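Visitor: Below is a structure I'd like to ask you about.
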């Protein structure tokens, strides 16, 4: 899986928040609002928030066979 490690724009480390963000917004039975999750995780910069919200895991689509 490709995890966004750093923000492309400012270089801040965003990888440390990825697993929790993904678990709470995409994989949960009752997904939370991404804006609220990012606020709770302390991600304040718009560019870093965009990195997390817009990231799409393509590994399962590109290489479906394990």
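Numbering (the UniProt record's numbering), first residue to last: 1 to 66.
From the three backbone atoms N, C-alpha and C, an ideal C-beta is built for every residue, glycine too.
Please read all numbers here as calculations on a predicted model, not as lab measurements.
(1) Which residue marks the beginning of the alpha helix (DSSP H) containing residue 7, and which one marks its end?
(2) Under the DSSP definition of a beta bridge, which residues are partnered with residue 98?
(3) Can you grab the Cα-Cα spacing for the pair residue 9 / residue 48, in whole Å?
(4) Quick one: what does DSSP say residue 22 is sitting in, helix, strand or coil?
(5) Taking all protein chains shown into account, do 16 or more other C-beta atoms lie within 10 angstroms of the C-beta of residue 24, making it buried, or fewer, making it exposed?
Guide: To lay it out plainly:
(1) Looking at the DSSP string, residue 7 is not in any alpha helix (DSSP H), and its letter there is neither H nor E.
(2) The displayed coordinates of the chain run from 1 to 66. Any statement about residue 98 would go beyond what the structure contains.
(3) 8 Å
(4) Correct three-state label for residue 22: helix.
(5) buried
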